[in-house]
Amino acid sequence: MTVQVEESRWGRDLTTGSLHRNIGYLALPMILEAGILNVSQILDIYWMGRLGSAALAAVTISMTIRWVVNSLSNGLGVGGLAVVARRIGARDRAAADHAAWQTILLALMVSLALGGLGLAAARPLLVLLGAREDVLPLAISYLHVAFAGTFTLILAFVINAMLRGAGEARLAMGVLFLATAVNVVVEPILVFGLGPLPALGVAGSAWSFVLGYGAGLAMQMVILLRGRARIGINLRSLGPDFRLMARIVRIALPSTVQMTLRSSSRLVILGLVGLYGTFATAGYGVANRLLLIALIPN
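In my numbering, the protein residues as written are 468 to 765.
Written out as structure tokens, the structure reads:
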């Protein structure tokens, strides 16, 4: 016997009514999410530009490596979205909650593994991508912070995907808005310093991302624990379900491979651009961020 899914205080039944309106209800917040995310990335480039071409190049290389990691999190998000949406569609709240928690556990394990691997491989990977002597220490300082806190980014992205799968696109947008707001506010403070706070330079940019997504993750936990969405966390059933995790991995694998190959191709291009020096790498990074604006509707 299934447990009926309750309407959240912001939600609506997306299995009834106008198809076009329901699609718009889900799509508009996602478009706004992309816009919010790109604003933070453009501001990041602006602040790094104030530090010089070496800082711009360091963040360009580091962010490209992070995009590969993001591809893995997006793939897990696809798997989590699919299993949650199926159970929400069947109006089985208990099963949806169980699937959501198993996806969170899986994402946590993957993020810790990727974080450890990234910390160990940061320097050789940067050297392989052609980071020059003036760029290498800056990029290492960025990646060490980013990989140490990568669990915040991966978990936030995966949980947001599951919220969208449960029909809570507006909640997902609110989470990203909070993460971006924290990032935008604290980045210049951490990069350039303020009062007793020292200037962290390029590492400050990485810290702003970690703190921003950490705030978003905290908001998600409050939503899930307090039952503010169609999915939640059942504190009486927190053990791992490896069979369901394996199913999530099977669903996520094709999307993960596709996204990882696409983002990895950027590493190849970046390596070629790096042959022309620090200024070329910095310019490539600026152009890439501006190009993202044209891709928002997609």
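Backbone N, C-alpha and C fix where the C-beta goes; we use that ideal spot for every residue, glycine too. Please read these numbers as outputs of a predicted model, since none were measured by experiment.
Terminal residues of the alpha helix (DSSP H) in which residue i lies
{"i": "ALA719", "result": "709-741"}
{"i": "PRO604", "result": "603-615"}
{"i": "GLY699", "result": "Unbroken run through GLY699: none, as it is neither H nor E."}
{"i": "ARG599", "result": "Taken as a continuous stretch (DSSP letters only), ARG599 belongs to no alpha helix (DSSP H), as it is neither H nor E."}
{"i": "GLY681", "result": "669-692"}
{"i": "GLY556", "result": "520-556"}
Contact belief for residue i with residue j at Cβ below 8 Å, rounded distance in angstroms
{"i": "ASN701", "j": "SER675", "result": "Rounded, the Cβ-Cβ distance is 34 Å, inconsistent with contact."}
{"i": "LEU620", "j": "TYR680", "result": "5 Å"}
{"i": "PHE614", "j": "GLY585", "result": "3 Å"}
{"i": "LEU800", "j": "VAL536", "result": "What the structure shows of the chain is the stretch from 468 to 765, and residue 800 is not part of that stretch, so it cannot be assessed."}
{"i": "GLU635", "j": "ARG697", "result": "6 Å"}
{"i": "SER578", "j": "THR723", "result": "Incorrect: roughly 14 Å between the Cβ atoms, too far for contact."}
{"i": "SER529", "j": "ALA606", "result": "5 Å"}
{"i": "VAL612", "j": "ILE718", "result": "Actually they do not touch by this definition, with Cβ atoms about 32 Å apart."}
{"i": "GLY542", "j": "MET712", "result": "Between MET712 and GLY542 the Cβ distance is about 14 Å, and since that is not below 8 Å, they are no contact."}
{"i": "VAL653", "j": "SER608", "result": "Contact doesn't hold; Cβ gap of about 17 Å is too wide."}
{"i": "LEU592", "j": "GLY741", "result": "With 8 Å as the limit, LEU592 and GLY741 do not qualify as a contact, their Cβ atoms being about 12 Å apart."}
{"i": "ILE715", "j": "LEU573", "result": "6 Å"}
Cutoff 7 Å; reference residue i; Cβ partners in own chain excluding five residues on either side
{"i": "ILE626", "result": "ILE571 and GLN687"}
{"i": "ASN755", "result": "none"}
{"i": "VAL470", "result": "The predicted model places VAL470 with a pLDDT of 44, which falls under 50 and marks its position as unreliable; any figure quoted below should be read in that light. Closer than 7 Å at the Cβ level, and outside the excluded window around VAL470, lie ASP559, ARG560 and ALA561."}
{"i": "ALA772", "result": "This structure cannot settle anything about residue 772, because the visible part of the chain is limited to 468 through 765."}
{"i": "THR767", "result": "Any property of residue 767 remains undetermined from this structure, which presents the chain solely from 468 to 765."}
{"i": "SER731", "result": "VAL535"}
Close-in-space but distant-in-sequence residues of the same chain around residue i (CB under 6 Å, 5 per side omitted)
{"i": "MET456", "result": "The requested residue 456 does not occur in the structure, where the chain is confined to residues 468 to 765."}
{"i": "GLY671", "result": "LEU657 and VAL658"}
{"i": "ALA628", "result": "GLY544, GLY547 and LEU548"}
{"i": "LEU667", "result": "LEU657"}
{"i": "ARG631", "result": "ALA639"}
{"i": "GLY616", "result": "VAL677"}
{"i": "LEU720", "result": "none"}
Sheet register partners of residue i (DSSP bridge)
{"i": "LEU661", "result": "LEU664"}
Spatial neighbours of residue i in its chain, beta-carbon cut-off 8 Å, leaving aside the 5 residues before and after
{"i": "LEU757", "result": "ILE509"}
{"i": "THR745", "result": "SER520, ALA521, ALA524, ARG599, ASP601 and VAL602"}
{"i": "LEU767", "result": "Any property of residue 767 remains undetermined from this structure, which presents the chain solely from 468 to 765."}
{"i": "LEU518", "result": "VAL658, GLY668 and VAL669"}
Any non-hydrogen atom of the ligand MN within 6 Å of residue i CB
{"i": "LEU510", "result": "As presented, the structure is devoid of all ligands, the ligand MN included, so that no description of it is given."}
**Request:** Pair every Cβ in the stretch 555-570 with every Cβ in the stretch 738-755, then say whether three or more of these pairs are closer than 8 Å.
**Result:** Proximity of the stretch 555-570 to the stretch 738-755 falls short of the contact definition, fewer than three beta-carbon pairs being nearer than 8 Å.
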